[in-house]
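Peer 1: Take a look at this one; I'll ask things after.
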Amino acid sequence: MASVYKRRKVGIGLLGSGVVGEAIQDIVFQDLKGQIGNDIELEIQKIYTRNPKAKKWFAKRPSLFTARAEEVIDDPAVEIVVEALGFQKASQLPAFRDYFLRAFKKGKSVVTSDKAVLARYGDEIWAAARASGKQLRFEACVGGGIPVMRALSESFAAEEPEAIFGIVNGTCNYILSQMERSGKPYADALKEAQQKGYAETNPSADVNGSDAEAKLLLLSRVAFGLQIQPGTIWRKGIEDIHAVDFRYAGRTGSSTIKQLAVAKRNGQTVQVFVSPVLLPRENFLAGIDGATNAICFAGKKSGGGRGERDCDYVLVGPGAGGGPTAVAVLGDVCELARGGGASIGTPSLVKPGSLKLEAEDDIHGSFYLRFLVKDRAGIVGDIGQTFGRIGVNISEIWQLRHSEEELRALAQSYKLRVNPRAILPFVITLEQATLKQVRRALDSIGNRDYILVDPVWFPIWGVK
465 MASVYKRRKV
475 GIGLLGSGVV
485 GEAIQDIVFQ
495 DLKGQIGNDI
505 ELEIQKIYTR
515 NPKAKKWFAK
525 RPSLFTARAE
535 EVIDDPAVEI
545 VVEALGFQKA
555 SQLPAFRDYF
565 LRAFKKGKSV
575 VTSDKAVLAR
585 YGDEIWAAAR
595 ASGKQLRFEA
605 CVGGGIPVMR
615 ALSESFAAEE
625 PEAIFGIVNG
635 TCNYILSQME
645 RSGKPYADAL
655 KEAQQKGYAE
665 TNPSADVNGS
675 DAEAKLLLLS
685 RVAFGLQIQP
695 GTIWRKGIED
705 IHAVDFRYAG
715 RTGSSTIKQL
725 AVAKRNGQTV
735 QVFVSPVLLP
745 RENFLAGIDG
755 ATNAICFAGK
765 KSGGGRGERD
775 CDYVLVGPGA
785 GGGPTAVAVL
795 GDVCELARGG
805 GASIGTPSLV
815 KPGSLKLEAE
825 DDIHGSFYLR
835 FLVKDRAGIV
845 GDIGQTFGRI
855 GVNISEIWQL
865 RHSEEELRAL
875 AQSYKLRVNP
885 RAILPFVITL
895 EQATLKQVRR
905 ALDSIGNRDY
915 ILVDPVWFPI
925 WGVK
């Protein structure tokens with residue numbers, strides 16, 4: 465006689481019906497053949513959104529929708545609360561935190577796709593999870609559809625991390641890729657990203673690096689046990705990158721520019737920052753284009769620690785979008801429903817507190833600096849002397865031939881009312897220097913009358 469296989473029903477309460485929340489509904493409501501899991505059946509019991517009637521699934525399932533988040537969290541049929549509200553402004557975060565705390569108090573586990581609330585209130589939220597005996601999952605917070613948190617906490621549990629770094633913001637990567645491929649100005653590349661749905665109407669959190677920062681803080685917590693508050697690491701956005709910078713980066717076909725989030729061990733400290741970097745073409749990340757994300761991990765036992773260009777493992781995939789993020793969220797839900805795993809994020813590969821955050825001023829490396837000045841003699845010598853006085857040597861000086869049309873476009877992009885033939889762009893690369901030294905020199909140079917715009921500068925990856 466054939467055995468009857470019964471799937472266990474699991475009740476979900478969904479906070480949010482935006483891009484991610486709606487994608488979750490699409491997957492669950494259209495799972496007619498039970499493909500999400502052959503051993504469990506996910507049932508959405510309640511959905512919170514501020515305007516239920518405007519939502520896609522309201523007409524077919526009106527009884528599921530509510531304009532009160534508490535109705536979702538308090539529903540006795542809900543076992544797992546899924547938070548997919550979508551961070552838009554800092555003033556929302558206290559309310560989001562309260563939803564987490566209420567869920568744990570009610571004996572519910574939580575799955576979230578919101579890195580901002582964890583970056584700000586992670587300690588309090590994880591403490592509440594531990595006190596309740598329930599779990600917090602946040603796979604979708606960092607890599608979208610890339611299972612990086614599960615890899616760190618489970619697959620790499622026996623590793624000694626040396627570095628974790630990569631491209632974690634698809635918006636920035638798309639914009640930079642378009643600027644390089646087509647020579648588009650930053651504003652045009654951003655507009656195209658918005659038209660394709662890769663960038664928000666207000667793209668500030670993406671382009672200024674704060675989105676990547678929040679993701680990096682979570683990676684640093686799990687990999688290195690660092691408990692870092694937002695706003696305390698060095699963060700540099702991509703807003704100042706110009707198409708001319710790609711000309712200099714690729715002058716011999718040798719490099720490109722990517723925004724990277726970096727956590728790299730240096731003895732008992734960890735260097736943590738978000739910035740555009742000049743990246744050699746031979747580096748794997750240089751070939752990651754469009755909205756794709758890629759996260760690299762170097763571990764001592766796997767052969768890492770041979771330098772910042774080394775990488776033992778790479779995870780690549782769609783870093784954003786409703787579909788990939790919803791898949792990651794539901795993966796966490798299924799794992800919880802099966803009773804698997806510990807609370808991701810509470811443990812770390814390194815004992816919390818054993819490593820310290822490297823002081824921002826002490827972050828060091830080689831640097832790319834692009835100047836736009838009045839074309840006259842003696843400028844390079846003056847800049848070189850300024851850096852020399854603080855103990856920093858210039859490595860190379862790059863000066864390309866620019867057409868009058870290119871110079872005119874450059875002047876217009878900065879709204880300079882000057883004769884295009886009277887301006888001079890050029891690049892200086894520095895040997896090893898600290899952020900403190902670079903800033904000190906640039907503060908001094910910024911007062912010179914030949915400086916037309918603030919220099920554009922960022923690290924050069926992999927140079928010793």
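Under the working numbering, the first residue of the sequence shown is numbered 465, with each subsequent residue one higher. A virtual CB, placed ideally from N, CA and C, is assigned to each residue, including glycine. Small disclaimer: the values here were computed from a predicted structure and weren't measured.
Exposed or buried, which one is P558 when buried takes at least 16 other CB atoms within 10 Å?
Peer 2: Translated into the one-based positions of the sequence shown, residue 558 becomes position 94. Exposed: under 16 other Cβ atoms inside 10 Å.
Peer 1: With a 10 Å radius around its C-beta and 16 neighbouring C-beta atoms as the bar for buried, classify A678 as buried or exposed.
Peer 2: Against the sequence shown, residue 678 aligns to sequence position 214. With 16 or more Cβ atoms within 10 Å of its Cβ, A678 is classed as buried.
Peer 1: By the 10 Å Cβ neighbour count, where 16 or more other Cβ atoms means buried, how is Y512 classified, buried or exposed?
Peer 2: As a first step, residue 512 is located in the sequence shown; it is residue number 48 there, counting from the start. So Y512 ends up on the buried side.
Peer 1: What's the call for I861, buried or exposed, on a 16-neighbour Cβ count within 10 Å?
Peer 2: Here the question's residue 861 lines up with position 397 in the sequence shown. Its Cβ having fewer than 16 others within 10 Å, I861 is exposed.
Peer 1: A592 to R802, Cα distance in whole Å?
Peer 2: Numbered from its first residue, the sequence shown carries residue 592 at position 128. Numbered from its first residue, the sequence shown carries residue 802 at position 338. A592 and R802: Cα-Cα distance of roughly 22 angstroms.
Peer 1: Using a Cβ-Cβ cut-off of 6 angstroms (strictly less than) and excluding sequence neighbours within five positions of Y585, which residues of its own chain qualify?
Peer 2: Counted from its first residue, the sequence shown places residue 585 at position 121. Answer for Y585: R561, listed in chain order.
Peer 1: Could you tell me how far apart the beta carbons of C636 and Q723 are, in whole angstroms, since I believe they sit closer than 8 angstroms?
Peer 2: Against the sequence shown, residue 636 aligns to sequence position 172. Against the sequence shown, residue 723 aligns to sequence position 259. That pair is a contact at about 4 angstroms.
Peer 1: Leaving out five residues before and five after A873 in sequence, what residues of the same chain have Cβ atoms less than 6 angstroms from its Cβ?
Peer 2: Residue 873 sits at position 409 when you count from the first residue of the sequence shown. Nothing listed; no residue qualifies.
Peer 1: Any idea what DSSP makes of F761, helix, strand or coil?
Peer 2: Taking the sequence shown and counting its residues from 1, one reaches residue 761 at position 297. Three-state DSSP puts F761 in a strand.
Peer 1: On the three-state DSSP scale, how would you describe W921?
Peer 2: As a position in the sequence shown, residue 921 is number 457, starting the count at 1. Strand at W921.
Peer 1: Taking the alpha carbon of A727 as the reference point, which residue from G597, E824 and N747 has its own alpha carbon closest?
Peer 2: The sequence position of residue 727 within the sequence shown is 263, counting from 1. That would be E824, whose Cα lies nearest to the Cα of A727.
Peer 1: Looking only at its chain, what residues have a beta carbon closer than 8 angstroms to the beta carbon of E505, apart from the 5 residues adjacent to it on each side?
Peer 2: For the purposes of this step, residue 505 is taken as residue 41 along the sequence shown, with counting starting at 1. Taken in chain order, the residues that qualify are R471, R472, K473, V474 and G498.
Peer 1: Let's test the definition: count the other Cβ atoms within 10 Å of the Cβ of S867 and tell me whether it reaches 16, buried, or not, exposed.
Peer 2: Mapped onto the sequence shown, residue 867 falls at position 403. Looking at its Cβ environment, which holds fewer than 16 other Cβ atoms inside 10 Å, S867 is exposed.
Peer 1: In whole angstroms, what separates the C-alpha of Q691 from that of L681?
Peer 2: Counting from one through the sequence shown, the residue named residue 691 turns up at place 227. Counting from one through the sequence shown, the residue named residue 681 turns up at place 217. Taking the straight line from one Cα to the other gives about 8 angstroms.
Peer 1: Could you say which of G597, G787, Q489 and A886 lies nearest to Y914 if we only look at CA atoms?
Peer 2: Numbered from its first residue, the sequence shown carries residue 914 at position 450. Taking only the C-alpha atoms, the option nearest Y914 is A886.
Peer 1: Any idea if D670 is buried or exposed, counting beta-carbon neighbours within 10 angstroms, 16 or more meaning buried?
Peer 2: Translated into positions along the sequence shown, residue 670 becomes position 206. Buried, because 16 or more other Cβ atoms sit within 10 Å of the Cβ of D670.
Peer 1: From the DSSP output, which residues share a beta bridge with K655?
Peer 2: Position 191 of the sequence shown, counting from 1, holds the residue named residue 655. Per DSSP, none; premise fails for K655.
Peer 1: Quick one: residues in its chain with C-beta nearer than 7 angstroms to the C-beta of A725, no 5 flanking neighbours on either side, listed in chain order?
Peer 2: If you number the sequence shown from 1, residue 725 lands on position 261. Result list for A725: F629, G630, V632, A676, K679, L680 and V738, in chain order.
Peer 1: By DSSP, does Q509 sit in helix, in strand, or in coil?
Peer 2: Position 45 of the sequence shown, counted from the start, is the residue given in the question as residue 509. Q509: strand per DSSP, three-state reduction.
Peer 1: What residue from R699, E703 and S596 has the CA that sits closest to M643's CA?
Peer 2: The residue you call residue 643 lines up with position 179 of the sequence shown. Among R699, E703 and S596, the Cα nearest to that of M643 is on E703.
Peer 1: Give a yes or no on contact between the segment 918–926 and the segment 833–845, applying the rule of three or more CB pairs nearer than 8 angstroms.
Peer 2: Cβ pair count under 8 angstroms is three or more, so yes.
Peer 1: T576 and V568 - do their beta-carbons sit closer together than 9 angstroms?
Peer 2: Taking the first residue of the sequence shown as 1, we reach residue 568 at position 104. Taking the first residue of the sequence shown as 1, we reach residue 576 at position 112. Reading the sequence as shown, one finds Phe at residue 568 and not Val. The answer is no: Cβ separation not under 9 angstroms.
Peer 1: Nearest by alpha-carbon distance to W698: which of T898, G482 and S481 is it?
Peer 2: Your numbering for residue 698 matches position 234 in the sequence shown. Of the candidates T898, G482 and S481, the one whose C-alpha sits nearest the C-alpha of W698 is T898.
Peer 1: Go through its chain and collect everything with a Cβ distance to G787's Cβ below 7 angstroms, but skip five positions before and after it.
Peer 2: Here the question's residue 787 lines up with position 323 in the sequence shown. Only A487 meet the Cβ criterion.
Peer 1: On the DSSP letters alone, give me the boundaries of the alpha helix (DSSP H) that P788 sits inside.
Peer 2: Along the sequence shown, one-based indexing puts residue 788 at 324. G786 to A801 is the extent of the alpha helix (DSSP H) around P788.
Peer 1: Starting from A678 and walking both ways along the alpha helix (DSSP H), at which residues does that stretch end?
Peer 2: What you label residue 678 is simply residue 214 of the sequence shown in a count that begins at 1. Looking at the DSSP string, the run of the alpha helix (DSSP H) that includes A678 is S674 to F688.
Peer 1: Cα separation between L600 and V793?
Peer 2: Residue numbering aside, residue 600 sits at position 136 when the sequence shown is read from its first letter. Residue numbering aside, residue 793 sits at position 329 when the sequence shown is read from its first letter. Spanning the two alpha carbons is a distance of roughly 12 angstroms.
Peer 1: With a Cβ-Cβ cutoff of 9 angstroms, do E626 and K764 count as a contact?
Peer 2: As a working mapping, residue 626 is identified with position 162 in the sequence shown. As a working mapping, residue 764 is identified with position 300 in the sequence shown. Going by C-beta atoms, E626 is nearer than 9 angstroms to K764.
Peer 1: Excluding the 5 residues flanking K570 on each side, which residues of the same chain have their C-beta closer than 7 angstroms to its C-beta?
Peer 2: In the sequence shown, the residue the question calls residue 570 occupies position 106. Hits under 7 angstroms: I537 and D538.
Peer 1: Report yes if the C-beta distance between V707 and P649 is below 9 angstroms; otherwise report no.
Peer 2: Reading the sequence shown from its first residue, position 243 is the one you call residue 707. Reading the sequence shown from its first residue, position 185 is the one you call residue 649. It is Ala, not Val, that sits at residue 707 in the sequence shown. Yes, the Cβ-Cβ distance between A707 and P649 is below 9 angstroms.
Peer 1: Ignoring anything shorter than 4 residues or poking outside the segment 848–925, list the alpha helix (DSSP H) runs there in chain order.
Peer 2: Within the segment 848–925, the complete alpha helix (DSSP H) runs of at least 4 residues are 868–877 and 899–909.
Peer 1: Less than 8 angstroms between C-beta atoms, sequence neighbours within five positions excluded: which residues of the same chain meet that for E534?
Peer 2: Counting from one through the sequence shown, the residue named residue 534 turns up at place 70. These residues qualify, in order along the chain: R566.
Peer 1: Could you please give the first and the last residue of the uninterrupted alpha helix (DSSP H) stretch that includes S668?
Peer 2: Position 204 of the sequence shown, counted from the first residue, corresponds to residue 668. Residues S668 to V671.
Peer 1: Determine the closest residue to I476 out of K579, C760 and L800, with distance taken between C-alpha atoms.
Peer 2: Start at 1 with the first residue of the sequence shown, and residue 476 comes out as number 12. Of K579, C760 and L800, the residue nearest in Cα terms is L800.
Peer 1: Note down, in chain order, each residue of its chain lying with its Cβ closer than 7 angstroms to the Cβ of I909, except the 5 sequence neighbours on either side.
Peer 2: Start at 1 with the first residue of the sequence shown, and residue 909 comes out as number 445. These residues qualify, in order along the chain: I847, T850 and I915.
Peer 1: Would G608 pass as a contact of A548 if the rule is Cβ separation under 9 angstroms?
Peer 2: As a position in the sequence shown, residue 608 is number 144, starting the count at 1. As a position in the sequence shown, residue 548 is number 84, starting the count at 1. No, these two residues do not count as a Cβ contact at 9 angstroms.
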